Amino acid sequence: MNQSVVIIPFDENEVDDVAPRPVSSSNPDVDFVDGALLRLDAYKAVWSRCASRIRGILDKLYAPVVQDVSRFLLDDRPRDDSALQLEVEIPTALLISTDQSTISVALWKALDPLLSEENDSSSVGDGELGLPRGVVVRLAARACSTLASTLKIVTKSLATQLGRYISNSTQDAEEVEDMRGVAALYQRAFGDASDTHKPHIILTLEEIESFDPLILQDLLELLAYYAPRLPFRLLFTLSTTAGYLQTAMPRAALIGLKTECFQAPTGEVVSEHLIRGLYFDPSFEPLIALGPIGIHALRELSTLYATPAAGLTSALQVMHMYHFYDPRAVLSLPALGENEGDGEVLFEGRENWADYVRAALSGRDETLFALEPQGRLKRSYRSLYLGDTEDLAGLVAVARGNFHEMTRRTRSAVMVLLAIREHCATLGLRVWEPRMRTLDVYQAALEGRLRDVVNNAVTLVKRMEFQQLQDLLEVLHTTCDGWPQHVRREEKELRQDIVVFKNLGEDEEALADFGVKLEEYFKARLVKMSDLALYDALCLDGVVDYAMDLINPTARSGITAALMQPMTWLEAKLELPEHEAGTTKAQEAELVTYPDASILFLRSLEAGKKINLLDWFESFSMAVEKEAEHFTKQEETPSPRKRRRAKVNGKQVNGPRASGKSAEEEAEEREQELQVRFVRSVQELEYVGILKHSARRTDFAVRTLFETVD
Amino acid sequence: MARTPQKRTRQSQGGSPSKRARVTRSSAAVVDDLKEEAEQGEGEEDDEAQVEDVEEEDDTSEEDTDPEPDTSPTKSSRGKRTPRKKRSPSPVNYLATNASDAYFLAHSSKHAPKPTPASQKSFSSLPQLSALQVQELLALPRVVGKHALQRERLRELHSKRFSRWAFELEQGFNILLFGWGSKRDVLDSFARDVCTKRGHVATLHAYLPNVSYTNIMASLLSLPFVPSEPAVPPSSPAAVERLYHALSASPRPLYIILHSLDTPGFLTTPLRALLSLLALHPKCHLLASVDKVNAPLLFTQRDLFTRKHEPLDYPSTEESHLPRIPPQRGFAFLWQEATTFEHYTAELAPRASLSGTAGPGVNGTHLDLTATIHILNSVPDKSKTLFTLLGKMQLENLAAPEEEGTALPQNAPKHAAPLASLLTQAREAFIATNEVQFRALLAEFRDHGLVSGAASGAQEVLWVNVNKSVLQNVLQVLEEDG
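Note that the protein sequences, when read in sequence, are chains A and B.
Under the working numbering, the first residue of the first sequence is numbered 1, with each subsequent residue one higher.
Under the working numbering, the first residue of the second sequence is numbered 1, with each subsequent residue one higher.
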């Protein structure tokens with residue numbers, strides 16, 4: 001087929017598929033249709049809640065810098081003493097952010113309504129009603145390949161926007177072709193307005209590093225020339241540092257700019273805020289928790305791979321999607337198991353599924369079920385197995401409540417611990433591992449690895465002087481007061497202790513007991529998350545690796561792995577050879593079964609940079625020499641019974657040649673076949689970029705892949 | 001080239017310095033012995049030849065003598081040096097003073113049975129196969145059947161993931177398949193089994209050379225939900241806006257299936273702009289495949305992670321009141337591993353036929369119709385006319401009975417056309433006035449291997465490197481195009 005584009009319009013008559021499609025299942029053996037639909041609903045509810053929370057966190061995080069930049073672009077006026085300056089400087093905002101896409105979205109979300117806002121509040125009665133606060137032109141590097149094209153975009157865009165404010169001047173606006181025309185148009189549109197209310201002309205150059213510095217230099221020179229007549233404001237967004245401008249452009253080009261830097265939050269700060277806001281903020285209770293593996297992965301994405309906030313959001317969404325492929329995720333539904341008939345609906349006639357749920361409920365550290373007042377969860381898997389399904393639904397509800405309560409308590413405890421560490425650090429006390437960041441503490445808390453940190457914090461508190469302790473208690477009191485009502489109710493005991501110790505006198509011996517109380521408090525709360533029942537159903541950790549592979553894949557090693565170990569894909573059930581079996585002979589025998597490209601690739605790994613094609617071909621021929629024999633063996637009847645039957649029927653393995661060709665002809669054909677297969681495989685390897693083939697030395701190929709590890 | 005005997009011996013023997021010294025001594029001794037023998041019987045032709053053989057030992061066989069009695073008249077006239085005839089390497093049984101001499105003589109470059117030097121062995125020296133032979137050999141059951149079951153099983157495994165992919169597309173992601181093997185069948189199956197039942201489908205074959213921005217836009221604008229009036233040129237920015245807004249109003253989503261997104265030269269700036277805009281449309285789902293190991297380098301972090309646009313509000317359908325298209329561009333890809341182990345047959349076809357020398361060992365493979373048309377589309381009209389002339393001459397030669405006595409240059413096929421007569425015809429048809437111009441018109445064809453030539457003395461012939469049927473089709477297409 002040589003048609004490059006094929007269009008298949010939707011046929012309305014053929015399909016009418018309006019029913020909701022259940023989500024796929026990672027364990028179809030135990031799944032049921034209703035479960036899939038329930039999971040779909042649960043996913044939608046959980047993710048929409050999570051997504052809106054993420055939006056809120058990001059908006060809040062970027063709000064200060066967005067506000068500052070908006071104010072700079074729209075409100076800042078030149079100082080009165082500007083008349084003393086020989087040249088008019090153009091106020092220029094340098095917005096530095098490693099996450100250009102998020103800051104861009106946040107900025108324009110804030111700027112767009114402000115720009116269209118009219119200057120009516122301050123100018124009513126002056127005849128200036130209806131003046132905009134600014135006119136914007138956004139320039140992208142791809143569209144600005146030459147100065148002419150850049151100026152064309154600027155003039156056309158400005159002329160169109162300014163033309164809206166001049167009655168009967170559409171034609172005039174269309175005729176404007178240079179900056180002089182724009183200046184004239186601006187004068188006609190806003191010439192009568194007072195200087196303080198004239199709208200600014202905002203030029204934004206996003207990702208300034210991708211612009212050609214020479215074009216930029218010429219553009220700035222031109223803008224500086226028209227700056228006395230047109231009130232320009234420039235916005236440059238950078239992902240590096242402000243020093244880029246100094247290095248990329250001569251000083252003369254920058255002299256007309258009055259720059260001010262605005263720094264957006266870094267990737268690490270964003271990831272910290274996201275994780276804290278979603279999973280460690282007592283005011284927000286997520287239905288699905290994030291475990292230590294998830295925290296580690298998100299942190300790596302933001303710090304190691306400089307993934308923007310949108311990428312972290314996508315990663316979290318993919319984690320949620322994949323989590324809800326697991327049938328157990330249905331157990332996260334808040335109302336499930338609360339009602340009388342839930343057990344019957346969920347488990348009746350579905351023994352596999354019931355057993356799967358029982359496994360999710362048991363096998364954890366049973367001492368942690370002590371929280372549950374009736375002690376119903378204090379039972380082994382065996383007793384769970386013998387229990388009826390109605391009871392199972394109730395147990396799910398209890399375990400879920402228990403899980404959420406424990407995670408809630410962990411959140412409070414981590415917050416208290418962080419407050420203590422911070423206070424101790426402020427006082428100059430030696431805290432345990434001072435380089436531990438907040439995310440480290442979160443991760444260690446969920447892994448149950450905080451014993452040293454807690455012991456250190458408790459020891460420091462015990463040794464505190466009276467005033468130091470009073471200050472700490474004040475800090476903790478403030479922290480607890482910031483919690484929502486239901487959390488404060490849960491942490492009533494701690495709050496009471498804080499108040500009691502605050503009221504103790506300096507000379508009282510009981511003052512040191514606060515440390516002991518804290519120790520007990522942390523011990524009861526900081527438990528290993530994976531020990532809780534329903535951990536797999538209520539925590540995202542099990543799918544983190546899948547999600548990371550989808551977001552941040554290893555495409556290159558995926559291809560090389562397939563070539564090096566093709567049988568992992570082709571014969572998934574094939575057991576890998578033992579260590580002692582990995583002799584050369586065994587490898588050779590195995591190589592026959594490999595696809596041609598794999599054989600060639602493995603052979604090429606033994607070569608240097610350049611590969612002689614003839615040598616390679618001969619090596620390939622030797623590798624597949626016994627191919628026919630191997631496949632004949634495979635096709636032979638494996639069972640002795642069938643072999644006997646074949647004997648009785650007079651079948652001969654080495655009979656006369658069926659094809660009617662002589663041995664020489666067959667050998668020649670075999671040689672040609674190998675040659676063709678070799679050429680095809682070389683072409684395929686070259687196509688995927690593993691090889692390079694130069695037209696000058698046609699009998700050699702050049703390897704492009706060297707770091708392959710077995 | 002004059003060389004001293006010592007040097008020559010050293011060159012011919014090689015090896016380590018000590019070994020070389022030993023060899024030199026032995027050879028010198030042999031030379032002395034032979035000289036003595038030669039003095040004893042001057043008339044003995046063979047002995048003289050042997051002495052000279054040793055003295056004038058060289059890598060080249062130009063001065064080798066023939067062991068057979070020489071009957072040429074020049075040989076009998078003594079004192080007059082005539083070039084000797086070539087002689088096959090003589091066996092070493094004529095002289096063996098001791099075991100080591102025998103060994104070194106046996107392994108000297110001259111006397112040893114010569115294997116082909118490594119430098120002369122090359123893959124291109126293997127017999128070349130025609131396209132038909134290649135096709136036949138690749139279609140052999142044992143070639144096709146290798147891992148057929150396993151590949152089928154992999155296909156089934158991938159098809160089980162379709163519902164998951166569909167769900168992920170609905171959730172605001174686009175999908176990018178990677179892994180070893182052609183993903184063409186997997187993508188086509190997904191389009192057929194899932195996408196066609198849910199919305200409109202546009203399949204783009206990026207690996208084909210004739211794919212272009214205008215081509216793609218023109219096809220997308222022909223989708224039923226895009227208003228056809230007023231007409232806009234497909235390459236204009238207004239066309240993109242129209243497509244975007246029309247898609248927003250469409251009740252059904254658009255699925256774009258894109259094969260081999262990383263084909264070099266496909267993702268041009270305008271095409272990237274188009275795809276990165278459509279990929280973020282809430283009602284457009286992009287499912288693409290990449291084949292190259294370096295495919296991830298095609299995308300920036302921003303390209304990969306920018307999320308889909310929020311659905312726009314359309315207060316009215318008038319063109320003047322349409323909302324502004326969000327400025328974000330990107331792909332929002334989820335990378336799905338889809339190793340298939342399928343051969344890249346379709347993906348390689350245009351490359352192989354275009355280059356003519358598709359790969360090692362298949363030099364001279366005949367070009368197919370598509371490749372030939374593609375080459376012809378890229379040359380000026382005069383070149384096309386010249387090609388038509390050559391093609392017609394070739395067809396005539398093929399139809400004509402074989403004439404005996406027509407001497408063609410070596411390697412030239414029998415249907416080759418003489419360059420002189422083609423030049424005459426070209427002059428008559430006002431295609432080329434001189435030979436330089438004529439050769440310039442042929443240059444493009446020669447570069448692509450579409451036209452080959454051979455020369456012998458003053459005679460030069462040309463021929464078109466395609467099969468008869470393909471040539472007939474090509475000429476027909478050229479005629480139809482006028």
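Ideal placement from N, C-alpha and C gives every residue a C-beta, glycine not left out.
None of the values given here were measured: they were computed from a predicted structure.
Residue 130/B carries a coil assignment under DSSP once its states are collapsed to helix, strand and coil. Straight-line measurement puts the Cα of residue 306/B at about 13 Å from the Cα of residue 106/A. In this structure residue 393/A is in contact with residue 342/A, their Cβ atoms being roughly 4 Å apart against a cut-off of 8 Å. Per the Cβ contact rule, the region 133 to 150 of chain B is not in contact with the region 231 to 248 of chain B (fewer than 3 Cβ pairs under 8 Å).
Taking a Cβ-Cβ cut-off of 7 Å, the neighbours of residue 179/B in chain A comprise 558, 559 and 562, given in sequence order. Counting the other Cβ atoms within 10 Å of the Cβ of residue 255/A gives fewer than 16, which makes it exposed.
Counting every other CB atom within 10 Å of its CB across the protein chains shown gives residue 264/B a total below 16, marking it as exposed. When DSSP states are grouped into helix, strand and coil, residue 269/B belongs to the helix group. Of 391/A, 421/A and 441/A, the smallest CA-CA separation from residue 410/A is found for 441/A. Taken in chain order, the unbroken stretches of beta strand (DSSP E) that lie wholly in the region 240 to 319 of chain A and span 3 residues or more are 257 to 263.
For residue 7/A, the residues of chain B that pass the 7 Å Cβ criterion are 202, 219, 222 and 223, in the order they occur in the chain. A Cβ-Cβ distance of about 19 Å is found for the pair residue 417/B and residue 434/B, leaving them out of contact under the 8 Å criterion. DSSP places residue 219/B in no beta strand (DSSP E) but in the uninterrupted alpha helix (DSSP H) bounded by 213 to 221.
Here residue 201/A carries a strand assignment [DSSP, helix/strand/coil]. If only complete runs of 3 or more residues are kept, the region 132 to 197 of chain A shows the beta strand (DSSP E) at 134 to 139, in order along the chain. With at least 16 other beta carbons inside 10 angstroms of its own, residue 317/A counts as buried. Beta-bridge pairing by DSSP links residue 468/B to no other residue.
Take residue 427/A, set aside five residues on each side of it, and the residues of its chain with a beta-carbon closer than 7 Å to its own are 468, in chain order. Residue ranges of uninterrupted alpha helix (DSSP H) with 4 or more members, entirely inside the region 30 to 75 of chain A and ordered along the chain, are 33 to 74. Taking 8 Å as the threshold, the shortest C-beta distance from residue 10/A to chain B falls below it.
For residue 309/B, there is no enclosing beta strand (DSSP E), as DSSP marks it with neither H nor E. In the DSSP assignment, residue 289/B forms a beta bridge with 177/B. From the listed residues 229/B, 308/B, 146/B and 378/B, the smallest Cα separation to residue 628/A is found for 146/B. Of the other Cβ atoms in all chains shown, fewer than 16 fall within 10 Å of the Cβ of residue 440/B; this residue is therefore exposed. Segment contact: the region 182 to 189 of chain A against the region 224 to 235 of chain A, three or more CB-CB distances shorter than 8 Å; contact assigned. Closer than 7 Å at the C-beta level to chain B, one finds these residues of the region 125 to 158 of chain A: 138 and 142. In the DSSP assignment, residue 455/B is bridged to 460/B. The three-state secondary structure of residue 377/B, taken from DSSP, is helix. Annotated three-state conformation of residue 91/A is strand, per DSSP.
Using a Cβ-Cβ distance cut-off of 8 Å, the region 159 to 173 of chain B and the region 215 to 222 of chain B are not in contact, since fewer than three pairs of beta carbons, one from each stretch, lie closer than that value. Here the alpha carbon of residue 178/B sits roughly 20 Å from the alpha carbon of residue 319/A.
Taking C-beta separations shorter than 7 Å and ignoring five residues to either side along the sequence, the partners of residue 244/B in its chain run 277, 281 and 325, following chain order.
Annotation: Cβ neighbours of residue 321/A in chain B (cutoff 8 Å, chain order): 167, 168 and 171.
The C-beta distance from residue 278/A to residue 54/A rounds to 7 Å, short enough to fall under 8 Å. Checking the DSSP bridge columns, you'll see residue 334/B partnered with 175/B. DSSP, reduced to helix, strand and coil, places residue 252/B outside both helices and strands of the structure shown, so it counts as coil.
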